[in-house]
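Heads up, the thing below is written out as structure tokens.
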Amino acid sequence: MIGTDSTGDMYESPYAESPARLVALSDGIYAIAITLLVLDVSIPEGLNATGFRHELSQVWPKLGAYALSFAVLGAFWRDQRQILHQVRRADILTVRLTLASLGAAALLPFPTALLSEYGGEQPLAVSSYVATIAVISLLHLALFTSIWRRERLQARTIPDRVGWTTVTEQSAVALLCAASVVIAFAVSPRVALGTWLLSLPLKHAIRWRSRTRGTSSTWLR
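So in this note's numbering the end of the sequence shown lands on 805, straight run, no missing numbers.
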């Protein structure tokens, strides 16, 4: 159903509302997901000195996977907040895409556990990890695009250059994830993980290039 507010702007009711509750929900889900990551890092009780040292040496892959996923979730949380802070009025599509992306983010601790246990040996462990990241990236892309293309939802107008930079950034991450899945099965899981890690400097390179070309936006900071 379409209605108008006091300024005469069109909006969808009854679903159109402030995005504040979505931002709060996003903060909570990401906080829980990050907390769940550390639950996989543990050492059995009742060990002697030799057993303790052995188990401690086995924890390092789990700590590495925890640190990696902490950084990934932190970056996605930042991106989602930046998207939602550009929203003046959230409609049903905004809500659905936000919930879908939060659901994918909440799932990341599971493939993180697989990665810490089998990442160097099992293609499915790496592919499930990068596939989850690809899904989050694509959902962020869909969420951003749905806002960028509907100016009535925006708190302020999103410049086209900023829009295309964000689309390029999220698409590049998703494409590298897709390539990593293929490499995990065709070459090796370790090479696949290394390929996906290229997405981190690639994102920064895209943002840096946009800044040097004169784009000024909270999206790119």
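Where is the CB? At the ideal position from N, CA and C, for every residue including glycine.
Item, Value
"Option in Thr752, Trp661, Thr779 with minimal Cα separation from Ala762", "Thr779"
"In DSSP terms, what Ala789 is bridged to", "Partner(s): none; Ala789 has no beta bridge."
"Spatially closest choice to Leu668 from Ile790, Arg740, Thr749, Leu786, by CA coordinates", "Arg740"
"Contact belief for Ala709 with Leu691 at Cβ below 8 Å, rounded distance in angstroms", "Between Leu691 and Ala709 the Cβ distance is about 14 Å, and since that is not below 8 Å, they are no contact."
"Anticipated Cβ contact below 8 Å, Leu737 with Ile731, distance rounded", "5 Å"
"Same chain only: Cβ atoms within 7 Å of Arg665, ignoring 5 sequence neighbours per side", "Val607, Ser610"
"Arg662, buried or exposed, once every other Cβ within 10 Å from all chains shown has been counted against 16", "exposed"
"Which of helix, strand or coil DSSP assigns to Asp593", "Any reading at Asp593 needs caution, since the residue's pLDDT is 46, under 50, leaving its predicted position unreliable; the model's value is listed next. It is coil, neither helix nor strand."
"C-alpha distance - Pro773 paired with Arg672, whole-angstrom precision", "43 Å"
"Short Cβ contact (7 Å threshold) for Ala789 with Ala776", "no"
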